[in-house]
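These notes are about the structure you will find just below.
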Amino acid sequence: MKVRVFLFGSEQAKLGRESVEVEVNSPARAREILRVLEDKWPELKGARLAVNHAFASGNEVVGSKDELALIGMVSGG
């Protein structure tokens, strides 16, 4: 199954685009999608995956119609 993952912040800047598409087995868990993303683009390691507007724990089963986003860790003070 193909899934589209929207990129925000530094992840968007690292890849120079707003989203990426990857092919994963169906059904796929969030952690499997994150692993595919990190294998293809190592510079994305450390980012968190959100599924349908909520940070994923990794166990969520993801379908092709779910909205996925990769959000980098932000710090400041």
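In the working numbering, the protein residues as written are 103 to 179. All C-beta atoms, glycine included, are put in the ideal place defined by N, C-alpha and C. All of these numbers come straight from a predicted model, not from anything done at the bench.
Under the rule that 16 or more other beta-carbon atoms within 10 Å means buried, what is E113, buried or exposed?
By the Cβ-count criterion, E113 is buried, with 16 or more other Cβ atoms from all chains shown falling within 10 Å of its own Cβ.
Counting C-beta neighbours from all protein chains within 10 Å, is the total for V163 16 or more, i.e. buried, or is it exposed?
So V163 counts as exposed.
Once you ignore the five residues that flank K147 on each side, which residues in its own chain have a CB closer than 8 Å to its CB?
Result list for K147: E140, in chain order.
Output the distance between the C-alpha atoms of E125 and A115, rounded to the nearest integer angstrom.
So the two alpha carbons sit approximately 22 Å from each other.
Check the DSSP bridge columns for L172 and list the partner residues they point to.
Per DSSP, L109 and L151.
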